[in-house]
Amino acid sequence: MSACPCEPPTGGWLFQSGSRKRRIPIPIRLGMDDTGDIGFLGLREDWSLRPDVVILQIPFEMTVSYGSGTSRGPASTVEASAQVETYSTLIEDDLPAGMTIRTIAPWEFEGPSLESHLDSIRTYMIDGVSEGGFPILLGGEHGILLPAMKAIKETRGISLENLTLIQIDAHADLRDELNGERYSHGTVIQRCLDEGVGRVLQIGVRAFSKEESLKMARDERVHSWMARDIRGNGELESKILDLISEIQGPVWLSVDIDALQPGIVPATGTPVPGGLDYWFLCEIIEKLFSGESEVIGADVSEIVPDQYGITQFTAASIATSILAGCSKQSRS
Numbered sequence: 001m002s003a004c005p006c007e008p009p010t011g012g013w014l015f016q017s018g019s020r021k022r023r024i025p026i027p028i029r030l031g032m033d034d035t036g037d038i039g040f041l042g043l044r045e046d047w048s049l050r051p052d053v054v055i056l057q058i059p060f061e062m063t064v065s066y067g068s069g070t071s072r073g074p075a076s077t078v079e080a081s082a083q084v085e086t087y088s089t090l091i092e093d094d095l096p097a098g099m100t101i102r103t104i105a106p107w108e109f110e111g112p113s114l115e116s117h118l119d120s121i122r123t124y125m126i127d128g129v130s131e132g133g134f135p136i137l138l139g140g141e142h143g144i145l146l147p148a149m150k151a152i153k154e155t156r157g158i159s160l161e162n163l164t165l166i167q168i169d170a171h172a173d174l175r176d177e178l179n180g181e182r183y184s185h186g187t188v189i190q191r192c193l194d195e196g197v198g199r200v201l202q203i204g205v206r207a208f209s210k211e212e213s214l215k216m217a218r219d220e221r222v223h224s225w226m227a228r229d230i231r232g233n234g235e236l237e238s239k240i241l242d243l244i245s246e247i248q249g250p251v252w253l254s255v256d257i258d259a260l261q262p263g264i265v266p267a268t269g270t271p272v273p274g275g276l277d278y279w280f281l282c283e284i285i286e287k288l289f290s291g292e293s294e295v296i297g298a299d300v301s302e303i304v305p306d307q308y309g310i311t312q313f314t315a316a317s318i319a320t321s322i323l324a325g326c327s328k329q330s331r332s
């Protein structure tokens, strides 16, 4: 059975992994005017108000091919977010900056198959945004992106062929199968294309198969910028940022944190040397939300907490930058 996302958790955040449960205390931000449950950034949330942003926690971990622990990623990120500064230079204001944020209880499901789990995630997201709000998904495996695309198609009524998917990722994720599985974190972009997504912009890719290399070269829907080419190339960075600011139509931002330098995300599912600079990712987010497109949702995935808190704090900081982008977009 899936948890009802329409009820806020109480007494700290309940995180479930298998048969183990624990409550994670979150410090309360002082000086907030609203009252209610404590959510992302340690802010009080008023569930009587319609949300502007919905934080969806999806501790999905079924097709990992290297490191484990992504099921602990969302809860650890929400916990770490309480220590992230709420002031944003993008909007020159403190978050939530007048927005109503709703942090949904984590997704839970027990089912017979991988496909049933993915369909449950789709339902969880549809229920979570039933009152509106910009969805920010915290994962969990990158495979959560496929049910997110299906949910967006249903809830927003958009044609996916008009959607631009910006994929920040070390991996191409364009395999048809990985370890015999078609619905894997390593096949998710191919499955999204199969679902009808019209354009994919890949930034930071540096690990891919021959099969994927051919697809990147031949599929006109896919445009890829390699991390190796971006490194130290200010001209190329500027070109990418200009292109992002000029995108028209709906956009989904997908951030697999293994896109970044492993030093700031040491415990992600499949770390790869030679990643993107954190500040370049921040610039991408700022350009995207300040541009001409309509960003309709985002995910931050492949989060695995480490003992020093580095990975989860980085993930929380990225999600906070996306929150600031939501505020920027709403003011435009």
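Throughout the sequence shown, residue numbering follows my numbering, covering 1 to 332 in sequence.
Idealized CB from N, CA, C, for every residue including glycine.
- Take P266, set aside five residues on each side of it, and the residues of its chain with a beta-carbon closer than 7 Å to its own are D306, I310 and T311, in chain order.
- If you check the CB distance, I189 and A151 do not come in under 7 Å.
- Residue ranges of uninterrupted alpha helix (DSSP H) with 4 or more members, entirely inside the stretch 180–246 and ordered along the chain, are 188–195, 210–218, 227–230 and 234–245.
- A Cβ-Cβ contact shorter than 7 Å links L56 with P135.
- With respect to L276, A298 sits apart: the two C-beta atoms are not nearer than 7 Å.
- Linking V304 to I318 through their CA atoms gives a straight-line distance of about 14 Å.
- By the Cβ rule, the stretch 113–129 does not count as touching the stretch 79–98, because fewer than three pairs are nearer than 8 Å.
- In this structure, L163 keeps its C-beta atom at 7 Å or more from the C-beta atom of T77.
- Bounds of the beta strand (DSSP E) holding W252 are P250 to D256.
- For G42 and I322, the gap between their C-alpha atoms comes out near 16 Å.
- Taking 7 Å as the cut-off, the Cβ atoms of V129 and L165 do not count as close.
- Judged by beta-carbon spacing, E141 lies beyond the 7 Å limit of F208, meaning their Cβ atoms are not closer than that value.
- Runs of beta strand (DSSP E) with 3 or more residues, each lying fully within the stretch 126–186, are found at 134–139 and 164–168, listed in chain order.
- Of all alpha-carbon atoms in R175, G98 and G111, the one lying nearest the alpha-carbon of D194 is that of R175.
- V84 and A315 do not touch by the CB rule: their CB atoms are close to 10 Å apart, not below 8 Å.
- Taken atom to atom, the span from the alpha-carbon of S245 to that of F289 is near 8 Å.
- For V84, there is no enclosing beta strand (DSSP E), as DSSP gives it neither H nor E.
- Q167 and Q202 have their alpha carbons spaced roughly 5 Å apart.
- With contacts defined by Cβ atoms closer than 7 Å, A217 and G274 do not form a contacting pair.
- If you ignore the 5 residues before and after I247, its C-beta comes within less than 7 Å of the C-beta of T164, G291, E292 and S293, all in its own chain and listed in chain order.
- The beta carbons of D169 and D256 sit closer together than 7 Å.
- Out of I38, G39 and S71, the CA that lies nearest to the CA of I144 is found in S71.
- At a Cβ-Cβ threshold of 7 Å, V53 and I101 count as neighbours.
- Contact check for E212 against L241 fails: the beta carbons are separated by 7 Å or more.
- Rounded to whole angstroms, the separation of the alpha carbons of P112 and E181 is 15 Å.
- Annotated as distal: P51 and I158, with beta-carbon spacing of 7 Å or more.
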